[in-house]
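Student: When we follow the UniProt record's numbering, the leftmost residue of the sequence shown carries the number 1, and every step to the right adds one.
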Amino acid sequence: MSTPQRITLTNSGDVTVVTFNDSKIIDDQSIQELGQELAALVEGDDRDKIVLNFAAVEFLSSAALGKLISFEKKSRSKKVKLILTNIRPEIYEVFAITKLTKLFTIKDDEADALAIL
């Protein structure tokens with residue numbers, strides 16, 4: 001995989017932790033690049049546990065939510081365990097309203113996510 005521009009990858013044991021580099025994920029090009037970088041995580045390497053850390057994210061567009069849903073489906077099809085963490089309350093509210101809290105496993109922080117993986 002080429003070096004991602006929209007995300008930073010770190011490993012915690014056998015878990016890949018993905019941190020978003022952009023505070024606002026709203027423009028089409030950024031969203032397309034983000035979608036490609038996320039997809040590459042489950043297509044290539046043998047990753048079976050991924051934590052998406054939203055600590056830096058202040059705003060997500062509906063198109064970005066669509067990419068996250070696509071990533072969740074791809075992850076599930078590849079048997080990858082996926083957990084979202086550090087979601088700001090205003091973004092979490094959007095997840096709750098759109099019922100995405102039922103689709104995604106969401107934990108308050110990265111330590112909580114790592115503890116259950």
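Beta carbons are placed, not taken as given, at the ideal position from N, Cα and C, and that holds for glycine.
For the alpha helix (DSSP H) containing V42, name the first residue and the last one.
Tutor: 28-43 is the extent of the alpha helix (DSSP H) around V42.
Student: Measuring CB to CB, does I7 end up less than 8 Å from F59?
Tutor: Contact: no.
Student: Give me the Cα-Cα distance between T101 and S2, rounded to the nearest whole angstrom.
Tutor: T101 and S2: Cα-Cα distance of roughly 31 Å.
Student: For A64, count the other beta carbons within 10 Å of its own beta carbon; 16 or more makes it buried, fewer makes it exposed. Which is it?
Tutor: With 16 or more Cβ atoms within 10 Å of its Cβ, A64 is classed as buried.
Student: Quick check on this structure: which residue in G13, E43, E37, V57 has the alpha carbon closest to the alpha carbon of K78?
Tutor: Answer by Cα proximity: E43.
Student: Helix, strand or coil: how does DSSP classify V15 here?
Tutor: Three-state DSSP puts V15 in a strand.
Student: Would a C-beta distance cut-off of 8 Å place residue 119 and V57 closer than the cut-off?
Tutor: Outside the modelled stretch of the chain, which goes from 1 to 117, sits residue 119, for which no answer is possible.
Student: Drop a sphere of 10 angstroms on the beta-carbon of A113, count the other beta-carbons inside from all chains shown, and report buried for 16 or more, exposed for fewer.
Tutor: With 16 or more other Cβ atoms within 10 Å, it is buried.
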